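Take a look at the structure set out below.
Numbering (UniProt numbering), first residue to last: 1 to 126.
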């Protein structure tokens with residue numbers, strides 16, 4: 001099967017400002033559920049005539065600012081000295097990857113359906 005997605009670059013996006021470094025215990029409910037990774041994928045059309053900054057750069061800058069307030073998301077799971085699972089607020093950041101879709105895959109019927117179902121805009125909302 002042909003490769004459909006090419007990774008252009010990948011990096012950690014840390015908070016834009018220093019954040020607290022205190023550990024945070026997980027709640028009993030959090031301990032009951034298994035830790036999991038939740039991938040989020042955004043689709044943007046590539047347009048060289050777009051007067052706005054690149055969507056990838058805008059998302060990284062916005063994510064860095066948001067992580068200041070939601071700093072535990074920039075941390076890592078760790079075990080406390082008592083052996084309880086906690087969030088170690090390291091400020092390392094979240095992984096951000098920029099992908100390129102291969103044009104042959106982009107012309108497939110299922111992808112066209114996806115792109116027409118999702119509201120795309122080249123202008124920032126707000």
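The beta carbon of each residue, even a glycine, is placed where N, CA and C say it ideally should be.
As the structure is a prediction and not an experimental result, all values here were calculated from the model.
In the structure shown, residue 87 falls within a strand segment according to DSSP collapsed to helix, strand and coil. Of the residues 11, 20, 39 and 7, the one whose Cα lies closest to the Cα of residue 90 is 20.
Between residue 12 and residue 68, the C-beta gap is not smaller than 7 Å, which leaves the two residues out of contact. In the structure shown, residue 56 falls within a helical segment according to DSSP collapsed to helix, strand and coil. For residue 32, no beta strand (DSSP E) run applies; the uninterrupted alpha helix (DSSP H) run containing it begins and ends at 28 to 32, by DSSP.
Residue 37 and residue 86 have their C-alpha atoms roughly 16 Å apart.
Separation of residue 71 and residue 64 (C-alpha to C-alpha, rounded to the nearest whole angstrom) is 10 Å.
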